[in-house]
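Asks: Sharing a structure below in structure tokens format, with a few things to ask.
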Amino acid sequence: MDRRAFFNRAMNNRVAASESRNKMFAGLNPYSGSWTINEVTHLLKRTMFGAKKADVDYFLTLNPDVAVDELLNNTTTPSPPVRDYGLLEDDFGMLHDDLGVAQGQTWVNDPNTASDPGIRGSINARRVQSLKKWWSGLIINQGRSIQEKMVLFWHHHFSIQESEVENAQFLYKHHNLLRTNALGNFKTLVREVTIDPAMLLHLNGYLNSKQAPDENYAREMQELFTVGIGPDSLYTEDDVIAAARVLTGWRINSDPLGSFFQASAHDTGAKTFSAFYNSTTIPGSTNGDQELDALMNMIFNTDEAARFICRKLYKWFVYYQIDTATETDVIIPMAQVLKSNNYDIKPALTLLFKSEHFFDTINQACYIKSPFDIIVGTLREFNTPFPAYTNYTTGYPLFYSLYQRAAEMQQELFQPPDVSGWPSYYQEPMHYELWVNSNSLPRRADFTDALVDDSVIDVRAFANYSSNPADPNQLIADVTALLLRYPLSVNSKNYVKSRFLLNNTTDDTIWTNAWNSNNNTVINNSLRNMFKFLMNLPEFHLC
Amino acid sequence: MNRRKFLRNTVPVAVTMPALLNGFSFTAHGTSGNSLARLFNELATDTDHVFVLIQLAGGNDGLNMVIPLDIYANYYNARTNVAIPQSQVLRLDGTDRTGFHPAMTALQNMYNEGKVNVVQSVGYDNPSFSHFHATDIWNSGDTRTNRRERVKTGWMGRYLENEFPGYPDAYPSPEMPDPLAIQISNFPTLTVQGEIYSMGLSITNPEKVYTFANPFSDYPLNSAPANKELKFLRVVSEKTKIYSDLIRAAYQRAATMAIYPTENSLADQLKIVARLIKGGLKTRVYTVTLGEFDTHKKQVNASDTTTGKHAKLLKNIAEGISAFQRDLELMQIDDRVMGMTYSEFGRRIKSNASLGTDHGAAAPLLMFGTHAKKGILGNSPDIPADIQVVNNIPFQYDFRSVYASVLEQWFCVKQPALNSILLQNYQSLPLIKGGPCGVPDTPDDTNNNANNLILKMWPNPYTVSGTIQFSTAGGHTMIQQIDALGRVIKVLTNRDYAAGTYNVDIYNDGLASGVYFIRLQNKSLQKVITVVKMP
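See the structure below:
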């Protein structure tokens, strides 16, 4: 089925939004439709940041099954961030070295014990910066894998904030936990995050004791990390208190960085939970691990634990509206697979990404790009070269500018707005729409304009992706198929063609002659203006 | 009260806004079928008054900005290494109790000309020492610590949303042809956040904002979700273009008339604001920001404490505001504009060993403009002679009382809208003279008559019960019990009284033994006594 026929099929079947989702509902049956640039770019732009031409071509040679398997299994373990900073100046102009690590060496195992508190603070600040650069470097250098989008998802999910944690080593350890388990086991991840030093600090777990219970983490763990507050999530205030009691006594060890269980601070009484948790009783003990495991077993025994995370994944990858049909035909079956696989993430994601539902036209081109989609996605789609993520001399400064651009557009690594993550993935009713306002839209436009004006991206090379760039119709069809998930109408394409390629005429030969005679001035000016225009279109912000 | 005012004043903001602002249906029906929308559109107050908020980010050291001369010895003792020498403190007309930092001559002149009001020790109970939380608290006007309870809107956002329901879909409109609020900054601030949309437009360069015009309006993809999002993007793009053009046009219509200091980012921002106002924008609120107030170290130069980082910042404030005021006067629009400074917190009374100061609590703020009421409201903060690191300045005036004053006396907001915007009732303070709203000037505006108020408690010390006797000049009267850390533990009364003397009994209050303060506030007058609870 070609692309147009595919859309026509959709048109015939659907009228209005929610009703149509009901009727048309494709469900989680395996997708067996066409495998064209349309489906491949849909899959890649949702699971990665941008769809490179080379990646599109590569995945076109596969079938949907193999393509999804490859995206989910192609993960790598990067080497940790390294010291990229030189000497540090104190208040009196004296220079100090970070004696813990040499430049180019990783600092993640060094406890930063500089004696001067000011220097210690400077070292920490530089390390946090190097961590952000390193992570941005990994995102821009991502392989053909869902890995980086999943790592960012978990960051959104657990939403650790640098402003609260203020310690590079803690932040890296936390990040590495998310990265290591990004496509692993959700239950294990929650268990480990619960006693992760950064999280103990972030949500006051390290202060939680029998003498002075602190419910902060116990509350967020249920509300934000596991069972959520959906209509069927019926845990009670007493469950929050009981969970806090289970978690009393976990403390942070700074060197070597880790956490430990301090039995003297632990509440050894029995903890009884509500009917939502089958009235489970966790017997008191002096074994913190055992009680933590019992708590995890109890929470993850609920259906809500599986459904809640599936809803969040759905909003992250597919669309933010979950109507009754989606809940019944997608979320619940996906959650069943997640639970029956003891919370291994991959089988559930595999089911989703290989489904008719995921490739359904109704779920295409409705996702508003995040700042990282805009920044990294665009740079990758234009195949802009970047140094390897390990390159701290020329690479790190470039990676830092990616981090800063994203922060300006309201997506700052290690600083989501609060413990709930980015509102674009949970805030009713606007969700993704929150990314775009009169402040961020010009910023996005400035960014893409600058990519062209400053020749950061090579528009001529992009034009050469076309099967026949000398033909203005083919050229526009091919570049918009790669760049825009929301299609331009025939009229719109003609407008673009006439305005940018034909000098406001309808004479196709103007462009063909320019291209064939290799008239660089005309070709480059035309393409630059056309690409700036295309990336300013509202359509460009959809993927 | 006419019907329009009645409606506007009785519909609580928080209840009506989400429904009214929900998506595009509002636009679709707004012009024809939706009478409610039309009704609301007519309700905005017709005012050409402008308020400028200057955020001093990082926590401004109020004690070195407004220096207490009446308790100078204790001040000096608490922070010898950063203290400003008494002889160099700038004197202010009509008071020998308080003066300005020596870098603030421009503001000293403005004060003496009667265009500055200083409000002492502005803060709130149970202060947060986190930059992020404290900034949110000031910008939202909500001090609740539980983030789920705390509103996600800004105090000015609630005001503007109350005035202009249906923003942004139904705007620009004939009643409000311009942006409601403009932030000269990269990031949208919480201050002007509404229930769903920001009421503000962020700009950094008024001449280049957004020039893209979307030529397409068809929806070739027959997918409701994709079309919904595309429509949203097209509307934002269109509004951004419209407002950018308005801003640019206004900016280019006016010329700067005063001489602004250079290398002063506050001055740069205020210069833009003045041109936009003069250029004819009906925008009511502008926000600007000056950063780097987090002076943990090297706040002053060891050789001369009147110089250093903080002195530069204060000079920027004084010269920036003063040039702005001069510009407004030359443009002949000073009658319409007022502004104030604020910071997320003040700094600790006792300085640290790094020639700096750590995060503190209450601090003075400055109101300025032709209509600012000359004077120092409140007393010098209480600085103990045996200063400890933990000692903080307790607040004399709740920051929401300042907000209430602005809304009531500058934007003419009436009850109950005022309560609904500020989430509860706050006493308004005499900060504005000859304002547009017909609010009578209070004769006593500097707490001079506070000593005439009766405030005593017996027995003192007390064990189980006691009686507090207080007098009030009438009107809003509040009594709070504050603990040694400056936290409000109990509000013993908070309502309108007829002038007279009254008693409040406390019995078995469940408080731990120790020192407490009893604070009486009757409009601008406030008085504090110390009481002791015995075991």
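Chains as they are written, first to last, in the working numbering: chain G, 1 to 543; chain Y, 1001 to 1535.
Here a beta-carbon is modelled for each residue, glycine too, at the ideal position from N, C-alpha and C.
Values in this document were obtained by computation on a predicted structure and should not be read as measured data.
1. Which runs of the beta strand (DSSP E) spanning at least 3 residues fall entirely within the stretch 1386–1452 of chain Y, listed in chain order?
2. If you run the structure through DSSP and keep just helix, strand and coil, what is V1288 of chain Y?
3. Just how far apart, CA to CA, sit F170 of chain G and P117 of chain G?
4. Tell me the DSSP secondary structure of L1021 of chain Y in three-state form.
5. If you reduce the DSSP assignment to three classes, tell me which class T1105 of chain Y lands in.
6. Closer than 7 Å by beta-carbon distance: list the chain G residues that pair up with L1230 of chain Y, in chain order.
7. Kindly indicate which residue of G:L138, G:K45 and G:L451 has the alpha-carbon position closest to the one of P81 of chain G.
8. What are the start and end residues of the beta strand (DSSP E) that includes I1529 of chain Y?
9. Once the 5 residues before and after I1242 of chain Y are set aside, which same chain residues still bring their CB inside 8 Å of it?
10. What three-state label does DSSP hand F158 of chain G in the structure shown?
11. Determine whether the beta carbon atoms of Q1481 of chain Y and I1518 of chain Y lie at a separation below 7 Å.
12. How big is the Cα-Cα spacing for L1190 of chain Y and I368 of chain G?
13. For the putative contact between R251 of chain G and Q262 of chain G, defined by C-beta atoms under 8 Å, what is the C-beta separation to the nearest angstrom?
14. I need the straight-line Cα distance from T1501 of chain Y to P1430 of chain Y, nearest angstrom please.
15. So which of Y:H1476, Y:A1170, Y:S1471 and Y:Y1342 has the shortest CA-CA distance to V1504 of chain Y?
16. On a Cα-Cα basis, can you pick out the residue from G:P416, G:G33 and G:Y465 that is closest to E162 of chain G?
17. Tell whether a beta-carbon distance below 7 Å holds between I1383 of chain Y and I1071 of chain Y.
18. Determine whether the Cβ of R1234 of chain Y lies closer than 7 Å to any Cβ atom of chain G.
19. Count the other C-beta atoms from every protein chain shown that fall within 10 angstroms of the C-beta of V66 of chain G, then say buried if there are 16 or more, exposed otherwise.
20. Note down, in chain order, each residue of its chain lying with its Cβ closer than 6 Å to the Cβ of K1282 of chain Y, except the 5 sequence neighbours on either side.
21. Nearest-angstrom Cα distance between V522 of chain G and W515 of chain G?
22. Considering only the alpha carbon of each residue, which of Y:G1166, Y:L1160 and Y:I1137 lies closest to K1152 of chain Y?
23. Counting only runs that start and end within the stretch 197–278 of chain G, where is the beta strand (DSSP E) found for 3 or more residues in a row?
24. Name, in chain order, the residues that DSSP records as bridge partners for R1091 of chain Y.
25. Residues of chain Y with CB closer than 8 Å to the CB of Y235 of chain G, please, in chain order.
26. In chain order, what residues of the same chain have a beta carbon less than 7 Å from the beta carbon of A1450 of chain Y, not counting five sequence neighbours either side?
27. In the stretch 90–120 of chain G, which residues sit with their C-beta less than 8 Å from some C-beta in chain Y, listed in chain order?
28. Does the distance from the CB of G1378 of chain Y to the CB of Q1086 of chain Y come in under 7 Å?
29. Where does the unbroken beta strand (DSSP E) through P1364 of chain Y begin, and where does it stop?
30. Apply the 10 Å Cβ neighbour rule to Y206 of chain G and answer buried if 16 or more other Cβ atoms are within range, or exposed otherwise.
31. For the beta strand (DSSP E) containing V1050 of chain Y, name the first residue and the last one.
32. Going by DSSP in three states, L1036 of chain Y sits in which element: helix, strand or coil?
33. Any beta carbon from chain Y within less than 7 Å of M530 of chain G's own beta carbon?
34. Note down, in chain order, all residues in the stretch 1192–1213 of chain Y with a beta-carbon under 7 Å from any beta-carbon belonging to chain G.
35. Measuring alpha carbon to alpha carbon, tell me which residue in G:F462, G:P538 and G:C543 is nearest R528 of chain G.
36. DSSP on N464 of chain G, reduced to helix/strand/coil?
Replies: To lay it out plainly:
1. none
2. strand
3. 18 Å
4. Unreliable placement is indicated for L1021 of chain Y, whose pLDDT of 24 sits below 50; the coordinate value is still reported in the next sentence. L1021 of chain Y falls in the coil class under three-state DSSP.
5. helix
6. Y486, P538, E539 and L542
7. G:L138
8. L1525 to K1533
9. P1172
10. helix
11. yes
12. 23 Å
13. 5 Å
14. 23 Å
15. Y:S1471
16. G:P416
17. yes
18. yes
19. exposed
20. D1178
21. 8 Å
22. Y:I1137
23. 250–254 and 257–261
24. Y:G1099
25. Chain Y residues near Y235 of chain G: none, gap ~15 Å exceeds 8 Å.
26. L1525, Q1526 and K1527
27. D91 and G118
28. no
29. A1363 to G1369
30. buried
31. V1050 to L1056
32. Residue placement at L1036 of chain Y is poorly supported in this model, since its pLDDT is 33, which falls under 50; the coordinates are not used for a value here.
33. no
34. I1196, S1198, L1201, S1202, V1209, Y1210 and F1212
35. G:F462
36. coil
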